[in-house]
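Each residue of the sequence shown is one higher than the last, beginning at 37 in our numbering. Just below is one structure, and these are the notes that go with it.
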Amino acid sequence: MKYEEFKTAEEYLDWLFLSNRGTDSFVKKDDLKSLAQSYKLSFTDTATKEELYNLVLSCVTHRELARKFNAGVSSYEYQHKFNISGEEVKRMERLGFISVTGQITFRAYGKYLKAPLYDVFEFYLLTPDYVQEFLRQNPKGTKKTYQKSELKI
Numbered sequence: 037m038k039y040e041e042f043k044t045a046e047e048y049l050d051w052l053f054l055s056n057r058g059t060d061s062f063v064k065k066d067d068l069k070s071l072a073q074s075y076k077l078s079f080t081d082t083a084t085k086e087e088l089y090n091l092v093l094s095c096v097t098h099r100e101l102a103r104k105f106n107a108g109v110s111s112y113e114y115q116h117k118f119n120i121s122g123e124e125v126k127r128m129e130r131l132g133f134i135s136v137t138g139q140i141t142f143r144a145y146g147k148y149l150k151a152p153l154y155d156v157f158e159f160y161l162l163t164p165d166y167v168q169e170f171l172r173q174n175p176k177g178t179k180k181t182y183q184k185s186e187l188k189i
């Protein structure tokens, strides 16, 4: 899993924003150019994506960039890191324990599907014990209005 290679949410976001996946890139060079122009930053037309990214980071934080581009981690990463099921991830979302920041579109079963992305900063702050305690206090069938726990990061 990619999240295991990084110690902080900022490192993960650097990788996510700078990785080149062609048309599937999370942030494109043109997005960074227009963002730099909106902050009235000067740069050359030959500036690389990494140079533009660092230039933009001089004006905004990683958190603001993640919010602007709706960046996050998928349910799959939650399942892998905390050894829980997709249903449990949805329960944590439904009860307000984790926040949805955006969605990702992918192709499966011959059609395009969408899946939610969750806040990357919450993901790196949570510990397996904390998640298990929340799930224990809020078993399957817990309604949002009857949430038993005030656990929140």
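We put the CB at the ideal spot given by N, CA and C, even for glycine.
Once the 5 residues before and after residue i are set aside, which same chain residues still bring their CB inside 7 angstroms of it?
i    : result
V125 : S111, Y114 and Q115
S121 : Q115
Rounded to a whole number of angstroms, what is the C-alpha to C-alpha distance between residue i and residue j?
i    : j    : result
E40  : A72  : 31 angstroms
A102 : K117 : 21 angstroms
K104 : D155 : 12 angstroms
T178 : V136 : 19 angstroms
F157 : R99  : 8 angstroms
E129 : E169 : 15 angstroms
K43  : L161 : 11 angstroms
E86  : D67  : 12 angstroms
Y75  : K147 : 39 angstroms
C95  : F79  : 14 angstroms
Of all the options the options, which has the alpha carbon lying nearest to the alpha carbon of residue i?
i    : options                   : result
P164 : D66, N119 and L153        : N119
F62  : E86, I140, F42 and G122   : I140
G138 : G146, P152, Y160 and Y145 : P152
I134 : D50, Y148 and Y166        : Y166
R143 : L49, F170 and D60         : D60
V109 : R172, Y48 and K176        : Y48
R127 : A45, G146 and L171        : L171
T97  : S121, E46 and Y75         : E46
G132 : G146, S121 and N174       : N174
By DSSP, does residue i sit in helix, in strand, or in coil?
i    : result
G132 : coil
L54  : helix
V96  : coil
T141 : strand
A151 : strand
V109 : strand
D81  : coil
V63  : coil
P175 : coil
Is residue i close to the ligand NAD? I mean its beta-carbon at under 8 angstroms from any heavy atom of the ligand.
i    : result
L131 : Annotation note on the ligand NAD: not contained in the displayed structure, which lists no ligands.
Round the Cβ separation of residue i and residue j to the nearest angstrom and send it over; I've been treating them as touching at under 8 angstroms.
i    : j   : result
E91  : L77 : A quick correction: the sequence has Leu, not Glu, at residue 91. Sure, about 5 angstroms apart at Cβ, within 8 angstroms.
A107 : L54 : Between L54 and A107 the Cβ distance is about 12 angstroms, and since that is not below 8 angstroms, they are no contact.
K64  : L88 : Not quite, the Cβ-Cβ distance comes to about 10 angstroms (not below 8 angstroms), so this is no contact.
Going along the chain, which residues of its own chain have a beta-carbon closer than 8 angstroms to the beta-carbon of residue i, five neighbours each way excluded?
i    : result
E123 : K176
L149 : T141, F142 and R143
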